[in-house]
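Quick note on our numbering: the sequence shown kicks off at 31 and runs consecutively.
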Amino acid sequence: MDRAAAMEILVAAVDRGGFTAAADHLGVTPSAVSKAVTRLEQRLGVRLLERTTRRIVPTPAGQDYLAASRLILGAIDDAEATAMEGSGRPQGRLRINSGISFAMRQLAPALVDFSEAYPDIRLDLMVEDRICDVVGEELDVAIRTGPVGDERLAARRFAEVRRVIVASPAYLDRHGVPKRPADLARHACLAITTTPDMARWPFREDGQLSQITVQGPVRIGTAEGALALALADVGIARVGDMLAAPAIREGRLIRLLAGTHVDDPIPMHLVFPPGRQRLPRVRAFLDFVSTRFSDSPWRL
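Shown next, in the form of structure tokens:
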């Protein structure tokens with residue numbers, strides 16, 4: 031087995047969390063993955079992975095080797111993709127990071143069409159609600175809502191979201207409909223805890239800007255969770271229109287205080303290391319997402 035193939039197996043084993051998952055991803059048997067890692071360790075004369083019945087963990091030497099392997103494999107992918115540019119066939123591995131809500135509700139369904147259009151591009155989609163290190167984690171593209179926040183990155187704005195305040199009809203039947211921002215003090219408001227400002231809801235009333243710090247029976251770490259609680263009649267939530275729009279259109283949620291709530295647009299960006307967009311596979315993805323979501327299809 032050549033060195034690049036051994037590196038690819040090792041990286042897959044760590045990224046997928048085990049030999050079986052790596053084997054499924056690579057289209058080989060788990061025993062082939064295990065033997066390849068063992069042979070690699072024997073050739074290097076160092077243990078790269080600590081194995082238990084539940085998981086595998088890179089040793090310090092393994093972490094160093096993994097980092098170098100990712101760089102080498104990325105360079106190989108880039109070289110092959112660049113060589114293929116003249117044929118008009120973008121190819122290679124594309125590593126993407128996205129927040130949970132956009133990935134699950136918008137991006138994942140759209141990627142079916144992307145894969146049909148570009149069958150030679152292999153997608154690795156990492157879904158998590160954290161600000162990843164695009165450069166350090168060797169990603170091709172990340173999707174961010176709000177400021178880019180990293181001067182090392184290039185960015186392309188492709189859509190926008192607005193926050194809306196919502197509650198279920200059943201909750202409002204029991205507790206009444208808030209008519210003014212001050213009425214929220216008497217309601218169960220669901221605060222999202224990702225950042226302190228998420229519990230401060232902005233309003234403009236009689237020409238004056240104000241913020242109300244909401245309190246309620248539940249504090250929750252994700253907008254998806256706040257939406258689920260609102261749909262379960264627990265309280266009033268403030269979430270992105272991308273999340274709430276389907277339930278509002280279906281009558282399962284009612285939009286509140288639209289006349290006074292400040293719902294300035296929040297930009298959504300595709301961010302990537304400068305120059306990365308020259309790779310055919312990256313350029314294809316940037317253009318696809320920009321076209322697919324240019325009119326913010328969730329807009330109310």
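Glycine included, C-beta positions come from ideal geometry on N, C-alpha and C.
Of the candidates D325, D94, T224, L101, T224 places its Cα closest to the Cα of G129. An exposed status is given to R329, since fewer than 16 other beta-carbon atoms sit within 10 Å of its beta-carbon. For the segment 191–239, the full-length beta strand (DSSP E) segments reaching 3 residues or more read 193–197, 219–222, 230–235 along the chain. Taking T290 as reference, the option from E235, S131, A274 with the minimal CA-CA separation is E235. In this structure L101 is exposed. Its beta-carbon is surrounded by fewer than 16 other beta-carbon atoms within 10 angstroms. Closest in alpha carbon position to P211, among V244, V165, I151, R204, is V244.
The three-state reading of DSSP puts D108 in helix, counting H, G and I together. Closest in C-alpha terms to M272, from the list L257, D32, L261, comes L257. In the structure shown, G289 falls within a coil segment according to DSSP collapsed to helix, strand and coil.
Rounded to the nearest angstrom, the gap between the Cα atoms of R279 and R285 is 10 angstroms. The alpha-carbon separation between L79 and A140 amounts to approximately 36 angstroms. In the same chain as D170, and ignoring 5 residues on each side of it, the C-beta atoms closer than 7 angstroms to its own belong to L124, R125, I126, F302, R306, V312, in chain order. By the CB criterion at 8 angstroms, L259 and R282 fall outside the cutoff. For F49, the three-state secondary structure derived from DSSP is helix.
Measuring C-alpha to C-alpha distances from I242 to each of A288, L214, D45, F188 identifies L214 as the nearest. Restricting attention to V87, G251, V63, Y95, the CA atom closest to the CA of G75 is found in Y95. With distances taken between CA atoms, H205 lies nearest to I266 out of I266, P327, E71.
DSSP places V312 inside the alpha helix (DSSP H), whose first and last residues are 310–322.
Cβ contact annotation for P295 (same chain, cutoff 6 angstroms, sequence separation greater than five): E190, R192, in chain order. Across the structure, R230 and L309 are spaced so that their CA atoms are roughly 42 angstroms apart. Between F188 and S324, the gap from beta carbon to beta carbon is short of 8 angstroms. DSSP, read as helix, strand or coil, puts G122 in strand. When only Cα atoms are considered, D154 and P199 end up about 40 angstroms apart.
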